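Right, one structure below, let's go through it.
In this note's numbering, the protein residues as written are -4 to 158.
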């Protein structure tokens, strides 16, 4: 296994966890917040998608999937308190966009060499994610940073343990 294989495996694992947690949730369930001060699941899904595209664009300009007009703003920190379901997508729409974003990321990963992965990442991330490779790892692990918030919603809804 080489570095790209390890990054790809990480991305596949986090996608599997996220999709398992979403598997039996309804569109209405996505509007649930895991706790006070937490973002509802629909916002979190949109945030994950928008962040992946933004991060990929920062390290591989032109490689990211194109998102619908206004999508990133709809899932920005400024919109985190919006609870109107009409302002958000269906679960299937989020999953389709997630897959589109992830496919673009995986395609970009296939085109980088191991030497490319050692190149400096964006300046704004330099202290925590200093290289292109570390940004790819961030993209791969970011869904897991949020997936833990899906579990309290699942438990509150009486859903079974899926992992």
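Note that beta-carbon positions come from the ideal geometry of N, C-alpha and C, so glycine has one too. In this text the structure is predicted, and so the values were computed from the model without any measurement.
Asked, Found
"Residue range of the unbroken alpha helix (DSSP H) whose run includes residue 140", "127 to 151"
"contact_flag[the region 101 to 120, the region 69 to 89] where n(CB pairs < 8 Å) is 3 or more", "no"
"Own chain partners of residue 14 with C-beta closer than 8 Å, once the 5 adjacent residues on each side are dropped", "90"
"Three or more C-beta pairs below 8 Å linking the region 10 to 25 and the region 58 to 71", "no"
"Residues bridged to residue 115 (per DSSP)", "126"
"DSSP state of residue 86 mapped onto helix, strand, coil", "helix"
"Alpha carbon of residue 96 to alpha carbon of residue 153, nearest angstrom", "31 Å"
"Extent of the continuous alpha helix (DSSP H) to which residue 107 belongs", "Looking at the DSSP string, residue 107 is not in any alpha helix (DSSP H), and its letter there is neither H nor E."
"CB contact flag (residue 5, residue 136, <9 Å)", "yes"
"Residue range of the alpha helix (DSSP H) that includes residue 22", "Neither: residue 22 is in no alpha helix (DSSP H) and is coded neither H nor E."
"Residue 13 - DSSP class collapsed to helix/strand/coil", "helix"
"Which of helix, strand or coil DSSP assigns to residue 73", "helix"
"Where residue 79 sits in the DSSP three-state scheme", "coil"
"Residue interval of the alpha helix (DSSP H) (run including residue 45)", "36 to 54"
"Sub-9 Å separation of residue 44 and residue 131 beta-carbons", "no"
"Distance, residue 93 Cα to residue 33 Cα", "21 Å"
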